[in-house]
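Trainee: Once you've had a glance at the structure underneath, I'll fire off some questions.
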Amino acid sequence: MIQRDYLLRQMEVFFKALDERFRGKNKNEYEDISVILNEFYSTYFHIDREKITGEGEQIISHCILYEPVEKAEMLSELIFKDAVFTVDTRRKNYLFRLVLKLYDSIECRSKTYSSQREKKRREITDFLSGN
């Protein structure tokens, strides 16, 4: 119970901080965005942002198998933000595919339904089908 409370509090802090740091940002501020993203990857997942591109499959597999579903939700949101602000199409596609894999895992493991997650899933699927 204490661990679950801790995870929920960590999620609350994570999502609030992520929203605050990205409010008003656009793709033209790539250096700032890159620093912010790397900060979040490092702080919450102990990885470098570039590692997600090279080892993304292994990272999300580990998260799916060994981390609580709340941690997978946090990682999916961070990778989603990363993809949205990425200008390189190949990297964007790769990141969006990672997010979809995390969403599949979250839906199997979570006890709650998220309409926001479903909306993002449709956006990603539409984007990927256009590329």
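Under my numbering, the first residue of the sequence shown carries the number 1, and numbering increases by one thereafter.
Note that the Cβ used here is the ideal one computed from N, Cα and C, for glycine as well.
#1: When we look at the beta-carbon of threonine 86 and count the other beta-carbons within 10 Å, is it buried (16 or more) or exposed?
#2: Can you tell me whether glycine 24 is helix, strand or coil according to DSSP?
#3: Tell me whether tyrosine 6 is buried or exposed, calling it buried when 16 or more other Cβ atoms sit within 10 Å of its Cβ.
#4: Could you name the residues of the same chain whose beta carbon sits closer than 7 Å to that of alanine 83, not counting the 5 residues immediately before and after it, in chain order?
#5: Find out if the Cβ-Cβ distance for the pair isoleucine 106, serine 61 is shorter than 9 Å.
#6: Give, in chain order, every unbroken run of the alpha helix (DSSP H) that is at least 4 residues long and sits entirely within the segment 22-69.
#7: For lysine 120, count neighbouring Cβ atoms within 10 angstroms of its own Cβ and tell me buried if that reaches 16, exposed if not.
#8: So is lysine 81 buried or exposed if we call it buried at 16+ other beta carbons inside 10 Å?
#9: Classify tyrosine 30: buried if its beta carbon has 16 or more other beta carbons within 10 angstroms, exposed otherwise.
#10: If you run the structure through DSSP and keep just helix, strand and coil, what is serine 105?
#11: Pull up the CB-CB distance for isoleucine 79 and isoleucine 47, whole angstroms please, since I reckon it's below 8 Å.
#12: Using 8 Å for Cβ pairs, my map puts leucine 8 next to glutamate 70. What's the rounded Cβ distance?
Mentor: On the basis of the supplied data:
#1: Around the CB of threonine 86, 16 or more other CB atoms lie within 10 Å, so the residue is classed as buried.
#2: Residue state, collapsed to three classes: coil.
#3: Taking all protein chains shown into account, tyrosine 6 has fewer than 16 neighbouring C-beta atoms within 10 Å of its C-beta and is therefore exposed.
#4: Excluding the 5 residues flanking it on each side, alanine 83 has same chain C-beta neighbours closer than 7 Å at Lys92, Leu95, Phe96, Val99, in chain order.
#5: Between isoleucine 106 and serine 61, the C-beta gap is not smaller than 9 Å, which leaves the two residues out of contact.
#6: Taking only runs of at least 4 residues, the alpha helix (DSSP H) segments lying wholly in the segment 22-69 are 30-45, 49-66.
#7: It counts as buried.
#8: Counting Cβ neighbours within 10 Å, lysine 81 comes out buried, since at least 16 surround it.
#9: Tyrosine 30 is exposed by the Cβ-count criterion.
#10: Serine 105: helix per DSSP, three-state reduction.
#11: Isoleucine 79 to isoleucine 47, Cβ: 11 Å. No contact.
#12: That pair is a contact at about 7 Å.
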